[in-house]
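Okay, so the sequence shown: first residue is 1 according to UniProt numbering, each after it adds one.
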Amino acid sequence: MPIFSVASRNALQRLKFEQREKIKFCVKTKISVKKTFQMLQEVYGSKAMSRSRCKDWYLRFKNGRTSVDDEIRSGRPSTSTTPKHIREIDQLVRQDFRISLREISAILNVSFGTVQAILTSTLNLHQVANKLVPRLLTPELKQYQLSERGSSAGCGVLLCKATALQLMVARFELNTYFCIFVSYFL
Numbered sequence: 001m002p003i004f005s006v007a008s009r010n011a012l013q014r015l016k017f018e019q020r021e022k023i024k025f026c027v028k029t030k031i032s033v034k035k036t037f038q039m040l041q042e043v044y045g046s047k048a049m050s051r052s053r054c055k056d057w058y059l060r061f062k063n064g065r066t067s068v069d070d071e072i073r074s075g076r077p078s079t080s081t082t083p084k085h086i087r088e089i090d091q092l093v094r095q096d097f098r099i100s101l102r103e104i105s106a107i108l109n110v111s112f113g114t115v116q117a118i119l120t121s122t123l124n125l126h127q128v129a130n131k132l133v134p135r136l137l138t139p140e141l142k143q144y145q146l147s148e149r150g151s152s153a154g155c156g157v158l159l160c161k162a163t164a165l166q167l168m169v170a171r172f173e174l175n176t177y178f179c180i181f182v183s184y185f186l
């Protein structure tokens, strides 16, 4: 599928409308479809619309159509990334950092891909260890993390045996976010 720039896309749109206007003129002057198509090929060369497309527009204008614009078509909206969805996803994530993308998708009735795009591109969050965390912490977020995590961590020494050969000691201090892990091998 070719990728067009905005300028080339606009040029193609103008070319389509221009050819439709010429067809409309030919219908009003009672020039045949065959002659109309030949004239389009003479003027536009390889950029002329196809014979079937020319015939289709010719019949539309002959049957009373006046507009050269495309008709409005039904279908799914072009995107679900709206300010409302961004705000709602942000609120859900701030309420529970462990919420999954599928849960957000089900709650808001938005596709999984849209939720993922909003979280990663717009809100700049990424999933780490089943939590959604900011990709790069700003100084304000670092301070928030320090104050929020430090108060809930408590103080003391936590001993846990990870395996038969490894003993991990994690020391938590009040009002600090950082945990110091020391490993001893027996």
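All C-beta atoms in this analysis are idealised placements derived from N, C-alpha and C, irrespective of residue type, glycine included. Computed from a predicted model, the values in this text were never measured in an experiment.
- Counting along the chain, the unbroken alpha helix (DSSP H) around serine 105 starts and ends at 101-108.
- In terms of Cβ geometry, threonine 122 and isoleucine 86 form a close pair [threshold 8 angstroms].
- The shortest CA-to-CA distance from valine 33 to any of Tyr58, Tyr44, Gln13 is the one to Tyr58.
- Excluding its 5 nearest sequence neighbours in each direction, valine 27 has C-beta neighbours in its own chain below 7 angstroms: Tyr58, Phe61, Lys62, listed in chain order.
- Put simply, of Gln13, Asp90, Asp70 the residue whose alpha carbon is nearest the alpha carbon of threonine 120 is Asp90.
- Proximity of the segment 88-104 to the segment 41-48 falls short of the contact definition, fewer than three beta-carbon pairs being nearer than 8 angstroms.
- If you ignore the 5 residues before and after serine 111, its C-beta comes within less than 7 angstroms of the C-beta of Ser80, Ser105, all in its own chain and listed in chain order.
- Approximately 6 angstroms separates the beta-carbon atoms of valine 68 and lysine 24; this is inside 8 angstroms, confirming the contact.
- Annotated as distal: leucine 125 and valine 115, with beta-carbon spacing of 8 angstroms or more.
- Taking all protein chains shown into account, leucine 12 has fewer than 16 neighbouring C-beta atoms within 10 Å of its C-beta and is therefore exposed.
- A residue is called buried when at least 16 other Cβ atoms come within 10 angstroms of its Cβ; phenylalanine 37 meets this threshold and is buried.
- The shortest CA-to-CA distance from threonine 66 to any of Glu140, Ala117, Lys35, Lys22 is the one to Lys22.
- For aspartate 96, no alpha helix (DSSP H) segment is defined, and its DSSP state is neither H nor E.
- In the DSSP annotation of this structure, the continuous segment of the alpha helix (DSSP H) that includes lysine 55 starts and ends at 51-62.
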